[in-house]
Amino acid sequence: MAMPAAEMLDRMRAVVGDRAVLTDPADLEPHLTELRGLFRGKTPMLVRPASTEQVSAIVRLCWESGTPIVPQGGNTSLCGASIPFEEGEEIIVSLSRMNRVREIDPLNYTMTVEAGCVLQNIQQAADEVDRLFPLSLGAEGSCQIGGNLSTNAGGINTLRFGNARDLVLGLEVVLPDGRIWNGLRRLRKDNTGYDLKHLFVGAEGTLGIITAAALKIFPKPREEVTAMAAVSSLPGVIELLSRMRLATGDQVSAFEMMPRFGIEISVKHVPGVRDPFDQPYEHYALMRASAGRRNSGLRELVEETLAEAIEEGLVLDAVIAESEQQVKDLWRIREAIVEAQIPEGGSIKHDVAIPVSRVADFIEQANAVVEKTIPGARPCPFGHVGDGNIHYNVTQPVGMDRAEYLARWGELNDAVHRIVASMDGSISAEHGIGRLKREELAHYKSEVELDLMRTIKAALDPKGIMNPKKVVPEG
C-alpha cells in the first residue's frame with residue numbers, strides 16, 4: 002500500500018468503526034478462497050461498510066492512497082472475481098451489512114434493494130407483496146444481489162425473464178474516485194443518452210461498486226406445471242422445447258437438460274434423490290410452465306404436447322408433478338448434479354452459451370473432442386438449454402489421478418471453447434470472466450471489443466484500483 006498500513010487501518014476504522022474492520026486471519030479466511038478452491042488470496046484487511054456514504058469514504062481513501070480494492074458479496078463467484086491476489090496488496094470491501102430492502106412498489110412492479118441483500122431474501126420480500134422476483138440460481142441462499150448484477154447472473158428462469166441485466170432498472174454505484182452515482186430510476190423508459198447502468202452490470206467490480214439496485218418484479222404465477230421427459234435424442238430435446246413454447250404461448254419459464262450420467266451420479270451420491278422412471282434413458286428434459294391464473298388450461302396443453310411427442314417417438318416417457326413435493330423432488334435431481342460431481346473426482350468446467358438450435362451439434366462435437374483429448378473422461382453436459390447455456394462439465398476417467406487430470410484444465414478448455422467459438426457462442430454464459438478466463442478472453446474477443454473494454458476501464462478507473470487484473474485482458 003502507498004499509505005502506511007497502520008495509518009490506513011486507523012482511517013478505515015474511523016469510517017466504519019472498529020468492529021467492521023477485520024484483520025484477524027481466522028476472520029479473513031472465509032473470504033480468501035474461491036468456492037471451487039481454484040484461487041486463494043491474501044489481504045491486510047476486510048472492511049464492512051453499512052451505508053453508501055461509508056463505501057464512498059472507503060473508496061476515496063483508497064483512491065487517494067492508490068490502494069487496490071476487491072469488492073465482495075456472498076463470495077459465490079466461480080471465476081475468482083471476488084478473491085484478492087496472493088501478494089496481499091488489495092483490501093476487501095464486503096457489502097454484507099448493506100442488506101436493506103429500501104422500497105417495494107407493487108403498483109410500479111419495482112423494488113429497490115441494497116447490494117448486500119441475499120437473493121433468497123429478495124425473492125421472499127417480493128412474495129410477501131404477491132409479486133415475483135424471478136432470478137433463481139443454486140447459490141440463492143447465500144449469494145448477494147450486488148454480486149449477481151456484477152456478474153450478470155443467469156439461472157433457471159432466464160428463458161422467460163432474462164439475465165440479471167434484464168431485471169435491473171437503475172443502479173446506485175460508488176465510482177473508483179469515491180463519487181456516488183445515483184441512477185436509481187424506476188423507469189421502464191428513459192431515453193436520455195447513454196444507459197450507464199449497463200456499464201456496471203457484468204463488470205465484476207472493475208468499474209465501481211454497486212451499492213443498490215432498482216429491480217423489476219412481476220405478477221406472481223397462479224398455476225405452475227412441472228414435468229420431466231425422457232427424450233429420444235439430443236436434437237429431440239431442442240425440438241421438445243420448441244413445441245412446448247409454441248403450445249403454451251411461450252409460458253415456459255424454465256427448460257433444463259440432463260444426461261443419463263448426471264442422473265446416475267445424483268442418485269448414487271446425493272441422499273433423497275431418485276430416478277422418476279422405471280428404466281434408464283440417455284437424455285432428459287425438465288421443464289416448468291407458469292400461468293397468471295388458476296385453471297388456465299396450461300396443464301392440459303403440457304399433457305397434450307407430451308402425449309403427441311410420445312406417439313411420434315420424440316419422447317419415450319414422461320412424468321408430470323402432482324404435488325409440491327413431487328415438484329421439489331424433480332428439481333432436486335437437477336440441483337443434485339452439481340454436488341454429485343464432487344465425489345466422482347476432478348471435474349473440468351465449461352460455462353458456455355450456444356445458439357439454441359446448435360446445442361445438440363455442440364454437445365456431440367465436444368463429446369468427440371473430449372474422448373480424443375482425454376480418453377475415458379466422462380462428459381456431463383447439463384443446464385439451461387432453454388436459453389442455450391450449457392454447463393459442459395467433464396469428470397475425470399475412472400482410476401485417473403485427480404491432480405493429473407485437473408492439470409489438463411487449460412488444454413480441455415481450449416479444445417471445447419474452440420468449438421464454442423466456431424458456433425458463434427460465448428465462453429462465459431453466466432459465471433463471468435473474473436481471473437479464471439481473463440487471458441483466454443483475449444483469444445475470443447475482437448481487437449475492437451478489447452480496445453473498447455480497455456478504454457472504458459481507463460476512463461472510469463485511471464488509477465486501476467478497482468478489482469485490478471480481473472476481466473479486462475492487458476493490452
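For what it's worth, the working numbering labels the leading residue of the sequence shown as 2, then goes sequentially.
Note that beta-carbon positions come from the ideal geometry of N, C-alpha and C, so glycine has one too.
Note that the coordinates shown come from a computational prediction; the quantities given were computed from them, not determined experimentally.
{"Query": "For Trp182: DSSP bridge partner residues", "Result": "Val174"}
{"Query": "Reference Ile218; option with closest CA among Leu188, Thr212, Asp196 and Pro236", "Result": "Leu188"}
{"Query": "Cβ contact (3+ pairs, closer than 8 Å) linking the stretch 276-292 and the stretch 338-350", "Result": "no"}
{"Query": "Other residues of its chain near Lys186: CB distance less than 6 Å, five sequence neighbours each side excluded", "Result": "A small correction: the amino acid at residue 186 is Arg; Lys does not occupy that position in the sequence shown. If we look at Arg186 and ignore the five residues flanking it on each side, its Cβ neighbours are Gly171."}
{"Query": "The stretch 207-225 contacting the stretch 158-175, beta-carbon criterion three pairs below 8 Å", "Result": "yes"}
{"Query": "Gly156 - DSSP class collapsed to helix/strand/coil", "Result": "strand"}
{"Query": "Nearest-angstrom Cα separation, counted from Ser429 out to Val114", "Result": "27 Å"}
{"Query": "Helix, strand or coil at Leu331 [DSSP, three-state]", "Result": "helix"}
{"Query": "Bridge partner(s) assigned by DSSP for Arg379", "Result": "Thr396"}
{"Query": "Collapsed DSSP secondary structure at Tyr445 in the structure displayed", "Result": "helix"}
{"Query": "When Ala310, Arg436 and Met259 are compared against Arg41, the one with the closest alpha-carbon", "Result": "Arg436"}
{"Query": "Rounded Cβ spacing between His284 and Leu235 (contact assumed at less than 8 Å)", "Result": "6 Å"}
{"Query": "For Val274, the first and last residue of its enclosing beta strand (DSSP E)", "Result": "Unbroken run through Val274: none, as it is neither H nor E."}
{"Query": "Exposed unless 16 or more other CB atoms sit within 10 angstroms - verdict on Tyr393", "Result": "buried"}
{"Query": "DSSP bridge partner residues for Asn390 (one or two, in chain order)", "Result": "Ala354 and His385"}
{"Query": "Distance between beta carbons of Ala255 and Asn390, contact taken as under 8 Å", "Result": "With a Cβ gap of about 12 Å, Asn390 and Ala255 do not count as contacting."}
{"Query": "Beta carbon of Leu315 nearer than 8 Å to that of Val232", "Result": "yes"}
{"Query": "Buried versus exposed, by CB contacts within 10 Å (16 or more), Met467", "Result": "buried"}
{"Query": "Cβ distance (whole Å) where Val271 is taken to contact Ala337 below 8 Å", "Result": "4 Å"}
{"Query": "Three-state secondary structure (DSSP) of Tyr282", "Result": "coil"}
{"Query": "Through-space distance from Arg49 to His406, alpha-carbon basis", "Result": "Reading off the sequence, residue 406 comes out as Tyr, not His. The alpha-carbon atoms of Tyr406 and Arg49 are separated by roughly 39 Å."}
{"Query": "Alpha-carbon to alpha-carbon, Glu312 and Lys43", "Result": "60 Å"}
{"Query": "Touching by the beta-carbon criterion (3+ pairs, under 8 Å), the stretch 146-157 and the stretch 116-135", "Result": "yes"}
{"Query": "Phe256, DSSP secondary structure in three states", "Result": "strand"}
{"Query": "Pair within 8 Å by beta-carbon distance, Leu317 and Leu287", "Result": "no"}
{"Query": "Residue nearest to His418 in terms of C-alpha spacing, selected from Arg101, Arg300, Ile105 and Lys446", "Result": "Lys446"}
{"Query": "Lys458 classed as buried or exposed, judged by whether at least 16 other C-beta atoms fall within 10 angstroms", "Result": "buried"}
{"Query": "Rounded straight-line distance, which links the Cα of Ser143 to that of Ala21", "Result": "20 Å"}
{"Query": "Closest Cα partner of Val360 within the set Ala15, Glu257 and Pro281", "Result": "Glu257"}
{"Query": "Glu365, buried or exposed, once every other Cβ within 10 Å from all chains shown has been counted against 16", "Result": "exposed"}
{"Query": "Helix, strand or coil at Phe219 according to DSSP, with G and I counted as helix", "Result": "strand"}
{"Query": "Leu200 CB to nearest heavy atom of the ligand PLP below 7 Å", "Result": "Of ligands this structure carries none, so the ligand PLP is not represented either."}
{"Query": "Coarse secondary structure for Leu96, derived from DSSP in three states", "Result": "coil"}
{"Query": "Alpha-carbon to alpha-carbon, Gly81 and Cys87", "Result": "It is worth fixing the name first, because residue 87 is Glu in this sequence and not Cys. Distance between the alpha carbons of Glu87 and Gly81 is about 12 Å."}
{"Query": "C-beta atoms of Arg166 and Asn153 nearer than 8 Å", "Result": "yes"}
{"Query": "Rounded C-alpha distance that separates Glu305 from Glu224", "Result": "17 Å"}
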